[in-house]
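Chemist: So the sequence shown is numbered by my numbering: it starts at 20 and just counts up by one.
Backbone N, C-alpha and C fix where the C-beta goes; we use that ideal spot for every residue, glycine too.
None of the values given here were measured: they were computed from a predicted structure.
Take this structure first; my questions come after.
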Amino acid sequence: MTRNLARGAILAACLGAFSLRAEEIRTTTLYRTGTLTKSVGSANMIVRDVLGDATPEIVSAIPGGSAFAMSYNGTTYRDTWYSPNIGCRAVTVADRDGNGINEVIAGGVTNYDYYGGGGPSFLYVFDATSYGPEVAKVQISATEAVTDIAAGNVDADSDLEIVAITNTKTYVFNAATLALEWTASWGGHTVLIADLENDGQNEIIIAGSDGTVLNAYTQTFKWGLAGGFGSCVAVGDVDNDGKPEIVGGNGYYSGGVKIVNGDTMTVFSLPGLNSEGITTGDANNDGQTELIIGPNQWGSIEGYSISGTTGTKIWSINDPEHGTMGMTVGDPDGDGKNEIVWGSGWTSSGADSLFVGNANTQTIEYRAPDLDGWFSQAIGDLDGDGDLELVIASASTESGYSSGSLTILDYATRQFVAKISVPATIYDVAIGQVDADAAREIVMLGYSTIVVYDGVTLAKEWTSPASSISSNGFAVRNIDADPVDEIIYATTDRKIQVLNGATEFIQFTSGVLDGYIYDLAIGDVDGDSILDAAVATYGGAYIFRTSDWSERTHVTLTNLDYRQIAIGPGHFAVSLSGSGIATYSGSTLTQEWACTSGNALFDLAFVTLAGQQRVAAALSNTNTLRLFPTGGAACPAYDTMSQPLGLGNYGGGVKIAFADVNGDGRPELLAGGYNPSITALGWNSEPRGDVNLDGLVTDADIDALAAYFYGNSHAAQPGADVNGDGAIRPDDLYYLINYRRGTGAPPPL
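Listed below in structure tokens is the structure:
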């Protein structure tokens, strides 16, 4: 049930009328996604149920990015959870407090550096049934990056521990409380937990320049192996003698696999095996554990039976990509039989991918698409059935070797509908009615081209001829009150052009503007019911009346690359040189106020919240928002949204838009970037627990929240996050019931 809630629910309600003052915007993330294949597996890979639906998920992470979970839906695998961007370096899964619910535990680094970087590094705990922030967090090191984590009971108490390592140290945390229990001065690249001697006591195994085994019961060094276990290391009972062995491959630089008996500390090698990735498990379902290796260049994923000091290859699956980034064995499709899951491709310039293979048939069952991002998105009812579809566009695929891709999902359930491979890099996407048929259309802005797809058949309707179409400045709106939308875009020779939508026929071309065009927006700036076009250039800003494309104003500004512009009822806003922003009156077209934000701006958009119009500025370096009220003559106090909106365009920021996607009169925030997301907005001054928005927290709110979880209501709002943990889940209903019955505390402020 919680899995469906996390994907299918739309948070919605009308914002109450609050007095204007600067405050923090309360947010609840409804959906988040991103790339799934970049170096996937190198930050660990696990198959475990983290959604509470009794079906295992593939859990992994993108190094330097987010942790994620993928679920099998009966036909294919789809991402069903994506964490905020935490600079992830390692991930594991554990029921850390013994309540029967698995959580995703991740190690992340602030200011992530792929080559190792420094601190601070943190341990995060996530509930994968929502897109909320971490439920717990603790610092690992102030100066070093975390390199790996593992979960297990490593001492004499009854609690689970989380072991995190850096290059030089080991940290052991109580899993339930995240209290630091002890540290040790050994570090490396991989940490594992196993009972090597089969005596009921787990050891901590650390692989680095040397191999180290720690006795966590006595918090002492137990034994070591000079030269280390290998560059890729796993643990498992590969000889099926009842005691796990440490197995290590020598990675990219030389072949061979080392097998270490943890009870006798004896070592033997299997020479000649090509192993950049290594794991153990019963992948072919014969009841025996295999040694499983993956190639360091081209080759196959191979399973070996170990007897004595020899290994016999018993199955092989061709790996179509270069190198192996990580592997695990599990049952991700829930059919009762194990599969082998691996990632490969990072050691070449080509595609990265995640694979699910069947060792019995020695075939690949699934290959994840390599979506590179950057992502843009659009929401609309493509087929006219009253339900919304979500279109997510990836700028390119296959590590830049292939053009972009459009993925269409059912918005309510996030179930996969279709995928379209497009003929160009994608810079933006929109949904509109451009040809007056029953379906709406997907309109894609690509490299020097515009492509239109039918919203029902998803067939390509037409492609504009190669021309000087710019990658900046794009809108799909009905600007002339006929039955269809027009496609408005900028050209590389500093003009605005308009297509009639049904074909590639150009119905208008402007004169040459004063500089390269970076942005355009459509809106009624002066309230005369005629749409206007706002255009931002290197040298300034323009307002055109779209009925005849007459120029209403031209504002000359200090030159600025990537200038942004937004238009709303009665105002327009433009970014300024020196990290500033200015608003202008829509009636007089004169400046109202100007602010120096102190941060470079990546995008601007107007939104009306609580009856007050605001211009939202997406900050480049933090990917957060500032929301400035319009009107007045001086730089006003602004509201803030401090929760970052994921990873921007190579660190440059995220694109933002606001839309009432569920028709309840309240806008949601759509953010595009490398972690595209949809977020419901509220106010910190709104009382938590006021689910029905009558201004009071009463028993009626219990009924409203129960209808949302278990009835026919599809709407809630950030105030329904009663316990203030950043997500809306059934525990909020229980909290509210206890409060209203006098057996629990009031909701937090």
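Can you give me the C-alpha to C-alpha distance between residue 666 and residue 694, rounded to a whole angstrom?
Modeler: Residue 666 and residue 694: Cα-Cα distance of roughly 6 Å.
Chemist: Given this structure, state the Cα-to-Cα distance separating residue 704 from residue 685, to the nearest angstrom.
Modeler: Looking at the two C-alpha atoms, the distance is approximately 17 Å.
Chemist: Measure from the alpha carbon of residue 362 to the alpha carbon of each residue in 324, 119, 767, 55, then state which is nearest.
Modeler: Closest by alpha carbon: 55.
Chemist: Within its chain, find whatever has a CB closer than 7 Å to the CB of residue 284; leave out the 5 residues flanking it on each side and keep chain order.
Modeler: So the qualifying residues of the chain are 242.
Chemist: With H, G and I counted as helix, E and B as strand and the rest as coil, what does DSSP make of residue 779?
Modeler: As displayed, the chain neither begins before 20 nor continues past 768, which places residue 779 out of reach and without an answer.
Chemist: Assign residue 88 to buried or exposed, taking buried as 16 or more other Cβ atoms, counted over all protein chains shown, within 10 Å of its Cβ.
Modeler: Buried.
Chemist: May I ask you to report which of helix, strand or coil DSSP gives residue 149?
Modeler: Correct three-state label for residue 149: coil.
Chemist: State the Cα-Cα distance for the pair residue 31 and residue 400, rounded to the nearest angstrom.
Modeler: Reliability fails at residue 31, whose pLDDT of 28 lies under 50, so the model's placement of it is uncertain and the value that follows must be treated cautiously. Spanning the two alpha carbons is a distance of roughly 18 Å.
Chemist: In the DSSP assignment, find the beta strand (DSSP E) that holds residue 759 and state where it starts and stops.
Modeler: Segment 749-759 is the alpha helix (DSSP H) holding residue 759; no beta strand (DSSP E) there.
Chemist: According to the Cβ coordinates, are residue 371 and residue 350 closer than 8 Å?
Modeler: It is not a contact, given that the beta carbons lie outside the stated cut-off.
Chemist: Unbroken alpha helix (DSSP H) runs of length 4 or more, entirely within the stretch 185-270: which are they?
Modeler: Here no run is fully enclosed.
Chemist: For residue 176 and residue 116, what's the separation of their Cα atoms in angstroms?
Modeler: About 13 Å.
Chemist: Just list the alpha helix (DSSP H) runs in the stretch 535-595, keeping only unbroken ones of 4 residues or longer that don't cross its boundaries, in chain order.
Modeler: The stretch 535-595 contains no whole alpha helix (DSSP H) run of 4 or more residues.
Chemist: Determine the direct distance from the alpha carbon of residue 648 to that of residue 677, and round the result to whole angstroms.
Modeler: If I take the Cα positions, the gap works out to 16 Å.
Chemist: Around the C-beta of residue 34, are 16 or more other C-beta atoms found within 10 angstroms, so that it is buried, or is it exposed?
Modeler: The predicted model places residue 34 with a pLDDT of 32, which falls under 50 and marks its position as unreliable; any figure quoted below should be read in that light. Its Cβ being crowded by 16 or more others within 10 Å, residue 34 is buried.
Chemist: Out of 311, 230, 314, 475, which one is the CA nearest neighbour of residue 279?
Modeler: Selected option, being the one with the closest Cα: 230.
Chemist: What residue range is occupied by the uninterrupted alpha helix (DSSP H) comprising residue 723?
Modeler: Counting along the chain, the alpha helix (DSSP H) containing residue 723 begins and ends at 718-729.
Chemist: Taking residue 152 as the reference, which of 109, 49, 139 has the closest Cα?
Modeler: Selected option, being the one with the closest Cα: 49.
Chemist: Just the C-alpha distance for residue 386 and residue 604, rounded to the nearest angstrom, thanks.
Modeler: Between residue 386 and residue 604, the C-alpha separation is close to 53 Å.
Chemist: Distance check for residue 65 and residue 202, CA to CA, integer angstroms please.
Modeler: Approximately 26 Å between the Cα atoms of the pair.
Chemist: By the 10 Å Cβ neighbour count, where 16 or more other Cβ atoms means buried, how is residue 438 classified, buried or exposed?
Modeler: The residue in question, residue 438, is exposed, as its Cβ has fewer than 16 Cβ neighbours within 10 Å.
Chemist: Taking only three categories from DSSP, how would you classify residue 737?
Modeler: Reduced to three states, the DSSP call for residue 737 is helix.
Chemist: Would you check if the distance between the CB atom of residue 266 and the CB atom of residue 225 is smaller than 8 Å?
Modeler: Contact flag unset, no.
Chemist: Go ahead and pull the three-state DSSP assignment for residue 358.
Modeler: Three-state result, residue 358: strand.
Chemist: Distance check for residue 85 and residue 748, CA to CA, integer angstroms please.
Modeler: Whole-angstrom Cα-Cα distance: 22 Å.
Chemist: Kindly provide the ranges of any beta strand (DSSP E) runs that are 3 or more residues long and lie completely inside the stretch 421-487, ordered along the chain.
Modeler: Listed in chain order, the complete beta strand (DSSP E) runs (minimum 3 residues) inside the stretch 421-487 are 424-429, 435-440, 445-451, 460-465, 468-473, 479-482.
Chemist: Taking DSSP as the reference, what is the three-state secondary structure of residue 417?
Modeler: In the structure shown, residue 417 sits in a helix (DSSP, three-state: H, G or I).
Chemist: Say whether the stretch 186-199 touches the stretch 159-174, bearing in mind that this needs 3 or more beta-carbon pairs closer than 8 Å, one atom from each stretch.
Modeler: Contact holds: three or more Cβ-Cβ distances are below 8 Å.
Chemist: Rounded to whole angstroms, how far is the Cβ of residue 632 from the Cβ of residue 587, which I believe are closer than 8 Å?
Modeler: Their Cβ separation, rounded to whole angstroms, is 6 Å, which keeps residue 632 and residue 587 in contact under 8 Å.
Chemist: Taking 8 Å as the threshold, find out whether the stretch 535-547 comes into contact with the stretch 471-478 through three or more Cβ pairs.
Modeler: No, the stretch 535-547 is not in contact with the stretch 471-478.
Chemist: So, is residue 517 buried or exposed, given that buried needs 16 or more other C-beta atoms within 10 angstroms?
Modeler: Buried is the call here.
Chemist: Taking the Cβ atom as the reference point for each residue, do residue 169 and residue 69 lie within a distance shorter than 8 Å?
Modeler: No, Cβ-Cβ distance for residue 169 and residue 69 is not below 8 Å.
Chemist: Spatial neighbours of residue 182 within its chain, please: CB distance less than 6 Å, with the 5 preceding and 5 following residues excluded, ordered by chain position.
Modeler: Closer than 6 Å at Cβ, skipping near neighbours: 169, 191, 210, 223.
Chemist: Taking 7 Å as the limit between beta carbons, can you name the residues of its chain near residue 139, skipping five residues before and five after?
Modeler: These residues qualify, in order along the chain: 129, 158, 160, 161.
Chemist: Measuring CA to CA, which of 656, 768, 692, 715 is closest to residue 392?
Modeler: Checked all of 656, 768, 692, 715; the closest Cα to residue 392 is 692.
Chemist: Classify residue 531 as buried or exposed, calling it buried when 16 or more other Cβ atoms lie within 10 Å of its own Cβ.
Modeler: By the neighbour-count rule (16 or more Cβ atoms within 10 Å), residue 531 is not buried but exposed.
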